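Numbers 85 to 332, taken from my numbering, label the letters of the sequence shown in order. Each residue gets a CB set at the ideal place from its N, CA and C atoms; glycine is no exception. Source: prediction; values computed, not measured. Okay, structure first, notes after.
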Amino acid sequence: MREKERSDGTAVGRTGERGYAWEQAYAEEAGYAEGDGRLTLRERKKLRTRQRISGEATLLFVRRGFDNVTVAEVARAAEVSTMTVFNYFPRKEDLFLDRIPEGLALVTRAVRGREAGETPLAALRGLAFDLLARRHPLGGVGEGFANFWRTVLDSPALRARGREAVEELEVALAGLLDEAAGGVGADGRASEGSRLAAALIVAAYRVAYAGAAARQLEGDLVDAVAVEQEAVLRRTFEVLERMLPGGG
85 MREKERSDGT AVGRTGERGY AWEQAYAEEA GYAEGDGRLT LRERKKLRTR
135 QRISGEATLL FVRRGFDNVT VAEVARAAEV STMTVFNYFP RKEDLFLDRI
185 PEGLALVTRA VRGREAGETP LAALRGLAFD LLARRHPLGG VGEGFANFWR
235 TVLDSPALRA RGREAVEELE VALAGLLDEA AGGVGADGRA SEGSRLAAAL
285 IVAAYRVAYA GAAARQLEGD LVDAVAVEQE AVLRRTFEVL ERMLPGGG
């Protein structure tokens, strides 16, 4: 998903975000960033290639519809081979929903990197407000995002992949909550309590996110939606804190 638009109304990417930068978050999820976290030239080139492929795919999908564009057409637009596209994106849907790895990385970083004495839920609350404040796509509010959501709504394949991504996040979060509580069970599965907590947290954020998306699709001004979304997130996490008094 991209964060602003070209003059013709199609989405285009943006780099150089402060804080949770796209490159750093994806690098951590992909296992590229090690040691001090700085990337080698080769690693940076790989990430830039990934971003270029996804950016060209996004432009084509928004203009023509996801189901009307082939992976071969994306490869030609990005000036790479079809095999290269699949090396970076095993599924066509991931070309458009390219921030799934970043979302997983950000949640992981928030929970594992939280301050001493801070609960996982408090850390996730901070992440949610940070994403909203920076108009990050995963925060749900920003200029030009309506093009992205319309494309998703028009494609059953993208909607299905979105649901899978939510399930993947839920499973990952359950594991992180167990880890924060002292470890996972002998069978490697997260505990029932952590699975329930993760399901509640993910569902609550999804409802808040979907509400912001719906308001923007209806034409509400981004700044007005952002103000309202702050209140929505505050209420959402207050409810979660009451339901999960241990902080997840």
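Item: Reduced DSSP secondary structure (H/G/I, E/B, other) of Asp178; Value: helix
Item: Separation of Leu222 from Leu125, as counted between CA atoms; Value: 27 Å
Item: Cβ neighbour criterion (16 or more within 10 Å) applied to Tyr293; Value: buried
Item: Residue interval of the alpha helix (DSSP H) (run including Thr235); Value: Phe229 to Leu237
Item: Inter-residue Cα distance where the pair is Asp304 and Leu317; Value: 18 Å
Item: Span separating the alpha-carbon of Lys130 from that of Glu163; Value: 14 Å
Item: Beta-carbon gap between Phe229 and Gln300 smaller than 9 Å; Value: yes
Item: Classification of Asp262 by the beta-carbon crowding that lies within 10 angstroms, buried from 16 upward; Value: buried
Item: Counted within 10 angstroms of its Cβ, other Cβ atoms place Val311 as buried (16 or more) or exposed; Value: exposed
Item: Neighbour-count burial assignment, Ala194, 16 or more Cβ in a 10 Å radius; Value: buried
Item: In chain order, each alpha helix (DSSP H) run of at least 4 residues that lies wholly inside the stretch 146 to 219; Value: 155 to 162, 166 to 172, 177 to 180, 184 to 196 and 204 to 217
Item: Stretch-stretch touch, CB-based, cutoff 8 Å, three pairs: the stretch 171 to 189 with the stretch 230 to 242; Value: yes
Item: Cβ pair Val155, Glu140 closer than 9 Å; Value: no
Item: Supposed close pair Val236, Gly246 - CB separation, criterion 8 Å; Value: 6 Å
Item: Residues of its chain near Gly84, where Cβ-Cβ distance is below 8 Å and the 5 sequence neighbours each way are ignored; Value: Only positions 85 to 332 of the chain appear in this structure, which leaves residue 84 out of reach.
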